[in-house]
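Numbers given in the numbering used here equal positions in the sequence shown, counted from 1, plus 31. Okay, so here's the structure we're looking at.
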Amino acid sequence: MRKFKIILLAFASASLLLISCGKEEENGASINEIVDKEAIRTEIKLLETNFAEAINNKNPAGLADYYAENAESYLTGSEILIGRKAILESTEADFKTMEKDNRVEYTMTDLFIASDGKQAVEMGSYRATNSSGVLQRK
Numbered sequence: 032m033r034k035f036k037i038i039l040l041a042f043a044s045a046s047l048l049l050i051s052c053g054k055e056e057e058n059g060a061s062i063n064e065i066v067d068k069e070a071i072r073t074e075i076k077l078l079e080t081n082f083a084e085a086i087n088n089k090n091p092a093g094l095a096d097y098y099a100e101n102a103e104s105y106l107t108g109s110e111i112l113i114g115r116k117a118i119l120e121s122t123e124a125d126f127k128t129m130e131k132d133n134r135v136e137y138t139m140t141d142l143f144i145a146s147d148g149k150q151a152v153e154m155g156s157y158r159a160t161n162s163s164g165v166l167q168r169k
């Protein structure tokens, strides 16, 4: 009888483990089916394009809209900017010294999206050119 209880307990534990490792479902569809990874990729590309347009059009308010009120910006060689207002003021000053036709563009080279869609890691690069099209930064 004791051996039977041990076997039954082992079987119940294994069954519980297998059930808990199964795919989560929501409204009858697996999480992987719910997450539209192509839509996430498209949204990120659009955000990058709009961010670049704000820079290219020297629109500090449009650029600052991408930051939360309590955002912190850590730019190499600059002091830490704390808050959207500080980021806006710094951007305004930067735009005053920037050549009129300087351009920036972003390129996504890879995107890793968590299976639940709650986190994404992008890899990419940017390219900045001056008014003559000469590469300034890559």
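We put the CB at the ideal spot given by N, CA and C, even for glycine.
* To do: Mark L78 as exposed unless 16 or more other C-beta atoms lie within 10 angstroms of its C-beta, in which case mark it buried.
  => Taking the first residue of the sequence shown as 1, we reach residue 78 at position 47. Under this definition L78 is an exposed residue.
* Asked: Does the region 135-155 come within contact of the region 109-117, defined as at least 3 CB pairs closer than 8 Å?
  -> no
On the DSSP letters alone, give me the boundaries of the alpha helix (DSSP H) that E74 sits inside. Position 43 of the sequence shown holds residue 74. That run of the alpha helix (DSSP H) goes 68-87.
Please determine, among V66, V135, K76, the residue with the shortest C-alpha to C-alpha distance to G164.
In the sequence shown, counting from the first residue as 1, residue 164 sits at position 133. If we check each option's Cα against that of G164, V135 comes out closest.
Review point. Considering S156, what are the terminal residues of the beta strand (DSSP E) in which it resides?
Key: Sequence index remark: in the sequence shown, residue 156 carries index 125 (1-based). From DSSP, the beta strand (DSSP E) with S156 extends over 151-160.
field: Helix, strand or coil at S104 [DSSP, three-state]
entry: Within the sequence shown, the letter at position 73 stands for residue 104. Strand, per DSSP.
Original post:
beta strand (DSSP E) containing E136: first to last residue?
Top reply: Residue numbering aside, residue 136 sits at position 105 when the sequence shown is read from its first letter. 134-144 is the extent of the beta strand (DSSP E) around E136.
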